[in-house]
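**Student:**
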Amino acid sequence: MRKADLVALISEKSGVPKVDVLVSLEMFFKEVKQSLASGENVYIRGFGSFVVKKRAKKIGRHIKKNVAIEIPEHYIPSFKPAKIFTDHVKLGKEPVGAEYEEEEESEDQ
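If you read the sequence shown in this note's numbering, its first letter stands for residue 433, the second for the next number, and so on.
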């Protein structure tokens, strides 16, 4: 699924115009990037965490020249999915909200 597909799907399911969904999605991405760049992690309950990990300096090797080079310590972005997220993917279940809606409907009857 590409970003355009995601925008179209969200727009269709929510009834919000595609342009508004695209702007919201872009702002979400921008804010996550800015938070991580400033060293602040982003936690989204039920989805996962966007965190910054520190990589220690190490000695690497330039393969073509066969020369050892020092790779300085640096920070990289990382995503850790929430347990409920990984469980649903492993079991191939519907999204979290879908099963809740089904339970409500069966209780009402």
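Just so it is clear, CB atoms sit at the ideal spot from N, CA and C, and this is done for glycine as well.
1. So, are the CB atoms of G480 and K515 less than 7 Å apart?
2. Per DSSP, what kind of secondary structure is E535 in: helix, strand or coil?
3. Per the contact definition of three or more C-beta pairs closer than 8 Å, is the segment 500-508 in contact with the segment 483-490?
4. Grab me the residues of L438's own chain with a C-beta within less than 8 Å of its C-beta, minus the 5 sequence neighbours each way, in chain order.
5. Suppose contacts are defined by Cβ-Cβ distances below 7 Å. Is G492 in contact with I503 by that definition?
6. Can you tell me the Cα-Cα spacing of K450 and D519, whole angstroms?
7. Roughly how many angstroms lie between the CA atoms of G471 and K465, to the nearest whole one?
8. Which value, in whole angstroms, describes the spacing of the CA atoms of V448 and V455?
**Tutor:** Here's the rundown:
1. Stepping through the sequence shown from its first residue, residue 480 is reached at position 48. Stepping through the sequence shown from its first residue, residue 515 is reached at position 83. No, the Cβ-Cβ distance between G480 and K515 is not below 7 Å.
2. As a working mapping, residue 535 is identified with position 103 in the sequence shown. Low confidence applies to E535: its pLDDT is 44, below 50, so where it sits in the model is not reliable enough to give any reading.
3. yes
4. As a working note, residue 438 is residue 6 in the sequence shown. Closer than 8 Å at Cβ, skipping near neighbours: L457.
5. Sequence index remark: in the sequence shown, residue 492 carries index 60 (1-based). Sequence index remark: in the sequence shown, residue 503 carries index 71 (1-based). Their beta carbons are under 7 Å apart, which means G492 touches I503 by this criterion.
6. Locating residue 450 in the sequence shown gives position 18, where the first residue counts as 1. Locating residue 519 in the sequence shown gives position 87, where the first residue counts as 1. C-alpha separation (whole angstroms): 30 Å.
7. By one-based count along the sequence shown, residue 471 stands at place 39. By one-based count along the sequence shown, residue 465 stands at place 33. The straight-line gap from Cα to Cα measures roughly 10 Å.
8. Within the sequence shown, the letter at position 16 stands for residue 448. Within the sequence shown, the letter at position 23 stands for residue 455. Cα to Cα, the separation comes out at about 11 Å.
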